[in-house]
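For reference, the structure is listed below as structure tokens.
Residue numbers (our numbering): 410 to 599.
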């Protein structure tokens, strides 16, 4: 399952959804949760005629934190990935991560390296985490080294951890990663 929260993301959401549709791994569901957008975000999502895309919307703007909590309750899949509406997945992301998770049952959270791009998809920065030692706590005490859209979670563990915190608006993913660090193995792949 892929969670995509959006609010006035009309400039980017088409490319974000296309990056999911173009995945080599095809057995996914995309949960798009619109937070009462006032632009053309909803129309863009509705133009995709793919039964794996499920659109939900808030009647009034609640903010990212509350919207993500509501969206998480709609998840059906065994694995969870977040894709912000202004991000894109590389074509083999889900296939590589899910295959790794299947082969490594002790891993509850798996991250990847990522690139920061501009509006024209030019790479501004590559974030390489593979050269870090595997003691992620050393690094996570100081900063969130994983991009939310690079992570895949095991749903069973997420449920046991109580999902996303209501205490945070924009750092729920970092808090969630720290919770996983306490309860399961965290790993990354290139």
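Ideal placement from N, C-alpha and C gives every residue a C-beta, glycine not left out.
Problem set entry | Collapsed DSSP secondary structure at residue 509 in the structure displayed | Taking the first residue of the chain shown as 1, we reach residue 509 at position 100. It is helical.
Requested in this report: Measure the beta-carbon distance from residue 489 to residue 562 and round it to whole angstroms, keeping in mind my assumption that it falls under 8 Å.
Outcome: Taking the chain shown and counting its residues from 1, the one referred to as residue 489 is at position 80. Taking the chain shown and counting its residues from 1, the one referred to as residue 562 is at position 153. At roughly 4 Å, the Cβ-Cβ gap stays under 8 Å, so residue 489 and residue 562 are in contact.
Does residue 459 pass the burial test, meaning 16 or more other C-beta atoms within 10 Å, or should it be called exposed? The sequence position of residue 459 within the chain shown is 50, counting from 1. Looking at its Cβ environment, which holds fewer than 16 other Cβ atoms inside 10 Å, residue 459 is exposed.
Requested in this report: Kindly list the residues whose CB is nearer than 6 Å to the CB of residue 535, restricted to its own chain and excluding five residues on each side of it in sequence; keep chain order.
Outcome: Numbered from 1 along the chain shown, position 126 holds the residue referred to as residue 535. If we look at residue 535 and ignore the five residues flanking it on each side, its Cβ neighbours are 524.
ask   = Taking DSSP as the reference, what is the three-state secondary structure of residue 424?
value = The residue labelled residue 424 in the question sits at position 15 within the chain shown. Of the three classes helix, strand and coil, the one that applies to residue 424 here is helix, per DSSP.
Margin query: On the CB-based measure, 16 or more other CB atoms within 10 Å of its CB, does residue 588 come out buried or exposed?
Written below: Along the chain shown, read from residue 1 onward, the residue named residue 588 stands at position 179. With 16 or more Cβ atoms within 10 Å of its Cβ, residue 588 is classed as buried.
Out of 522, 413, 468, which has the shortest C-alpha to C-alpha gap to residue 461?
Reading the chain shown from its first residue, position 52 is the one you call residue 461. Nearest C-alpha to residue 461: 413.
Can you give me the C-alpha to C-alpha distance between residue 427 and residue 470, rounded to a whole angstrom? By 1-based counting over the chain shown, the position of residue 427 is 18. By 1-based counting over the chain shown, the position of residue 470 is 61. Their backbone Cα atoms lie some 25 Å apart in a straight line.
According to the Cβ coordinates, are residue 483 and residue 440 closer than 8 Å? Counted from its first residue, the chain shown places residue 483 at position 74. Counted from its first residue, the chain shown places residue 440 at position 31. Closer than 8 Å, so yes.
| said: For residue 595 and residue 446, what's the separation of their Cα atoms in angstroms? | reply: Sequence index remark: in the chain shown, residue 595 carries index 186 (1-based). Sequence index remark: in the chain shown, residue 446 carries index 37 (1-based). Cα to Cα, residue 595 sits roughly 35 Å from residue 446.
- Query: Would residue 518 pass as a contact of residue 450 if the rule is Cβ separation under 8 Å?
  - Reply: Taking the chain shown and counting its residues from 1, one reaches residue 518 at position 109. Taking the chain shown and counting its residues from 1, one reaches residue 450 at position 41. No.
Point to revise | Buried or exposed (CB count within 10 angstroms, at least 16 for buried), residue 410 | key: Numbered from its first residue, the chain shown carries residue 410 at position 1. Classification for residue 410: buried.
- Residues that DSSP places opposite residue 521 in a beta bridge: Position 112 of the chain shown, counted from the start, is the residue given in the question as residue 521. Looking at the DSSP assignment, residue 521 forms a beta bridge with 598.
- Message: Only counting the same chain, and skipping five residues up and downstream in sequence, which positions put a Cβ closer than 6 Å to that of residue 540?
- Response: If you number the chain shown from 1, residue 540 lands on position 131. Summary for residue 540: the model assigns pLDDT 49, below 50, so the residue's position carries little reliability; its value from the coordinates is reported in the next sentence. Same-chain partners within the cutoff: there are none.
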